[in-house]
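S.K.:
Numbering (this note's numbering), first residue to last: 565 to 753.
1) Check the DSSP bridge columns for residue 699 and list the partner residues they point to.
2) Restricting to Cα atoms, I'd like to know which of 628, 607, 591 is closest to residue 583.
3) Should residue 663 go down as buried or exposed, given a rule of 16 or more other Cβ atoms within 10 Å for buried?
4) If I follow the unbroken beta strand (DSSP E) through residue 661, where does it start and stop?
5) Measure from the alpha carbon of residue 596 to the alpha carbon of each residue in 665, 647, 678, 739, then state which is nearest.
6) Grouping DSSP H, G and I as helix and E and B as strand, with all else coil, what is residue 582?
7) Would you mind working out which of 741, 710, 692 sits nearest residue 724, comparing C-alpha positions?
8) Looking only at its chain, what residues have a beta carbon closer than 6 angstroms to the beta carbon of residue 719, apart from the 5 residues adjacent to it on each side?
9) Drop a sphere of 10 angstroms on the beta-carbon of residue 617, count the other beta-carbons inside from all chains shown, and report buried for 16 or more, exposed for fewer.
10) Starting from residue 687, trace the alpha helix (DSSP H) in both directions and tell me its first and last residue.
11) Out of 702, 685, 630, which has the shortest C-alpha to C-alpha gap to residue 742?
12) Who are residue 620's beta bridge partners in DSSP?
13) Near residue 727, what residues of its chain come up, given a Cβ to Cβ distance below 6 angstroms and the 5 sequence neighbours on each side ignored?
14) Using beta-carbon positions only, say whether residue 552 and residue 709 come within less than 8 angstroms of one another.
15) Apart from the five residues on each side of it in sequence, which residues of its chain come closer than 7 angstroms, Cβ to Cβ, to residue 712?
16) How big is the Cα-Cα spacing for residue 567 and residue 717?
17) Quick one: Cα of residue 733 to Cα of residue 694, how far?
18) Going by CA-CA distance only, name the one from 656, 650, 642 that's closest to residue 685.
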């Protein structure tokens with residue numbers, strides 16, 4: 565039996581779930597997002613791959629974050645159609661529960677093992693859809709916004725509602741590095 569050292573040594577606290585989605589992990593969603601819908605990214609700064617890429621592709625995007633004083637659990641934009649983001653993994657149950665209360669489509673990037681659990685079974689109520697990948701997503705960290713950290717110890721998938729044509733969609737990830745922020749934006753220069 566092999567032991568996954570990465571999993572055993574991973575930071576599983578709320579401080580350890582501050583990872584940032586790379587641009588290549590946003591791309592597979594594009595075929596499922598209608599251009600005439602307003603996207604809400606509730607956990608995103610201006611430099612987030614979701615906000616940047618969706619805006620570059622011509623989507624109308626509303627972003628919000630705790631840093632802006634807009635807490636997902638207490639804030640909702642006046643107008644939006646689809647929720648898309650990478651929420652804090654340590655709050656996934658609360659995030660999913662609230663996402664379902666909106667009665668609107670959503671896509672939340674979470675660890676694949678988030679499909680299991682008695683509490684989530686009740687939250688999902690057989691309405692969950694998944695967009696899964698052929699390989700693991702490597703995330704950016706606060707310490708490395710230029711490149712992703714390779715060798716992620718968990719698989720990721722988009723957990724969706726009323727967005728995909730089937731309960732399970734499989735897509736290939738085409739990995740590349742694109743900085744979320746350059747060194748001058750981070751204040752390194």
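Here a beta-carbon is modelled for each residue, glycine too, at the ideal position from N, C-alpha and C.
Bear in mind that the values here come from a model prediction, so they are computed numbers and not experimental data.
M.R.: Short version:
1) Bridge partners of residue 699: none, in fact.
2) If we check each option's Cα against that of residue 583, 607 comes out closest.
3) buried
4) Careful: residue 661 lies outside any beta strand (DSSP E), inside the alpha helix (DSSP H) at 656-665.
5) 647
6) Note: residue 582 maps to coil in three-state DSSP.
7) 692
8) 676, 700
9) buried
10) DSSP places residue 687 in the uninterrupted alpha helix (DSSP H) bounded by 682-688.
11) 702
12) According to the DSSP secondary-structure assignment, residue 620 is paired through a beta bridge with no residue.
13) 596, 669, 671
14) Past the boundaries of the shown model lies residue 552; the chain is included only from 565 to 753, so the question cannot be answered.
15) 586, 702, 703, 704, 741
16) Note that residue 567 has pLDDT 41, beneath the 50 cutoff, so the model's placement of it is unreliable and no number is given.
17) Rounded to whole angstroms, residue 733 to residue 694 spans 6 angstroms at the Cα level.
18) Checking every option, the nearest Cα to that of residue 685 belongs to 656.
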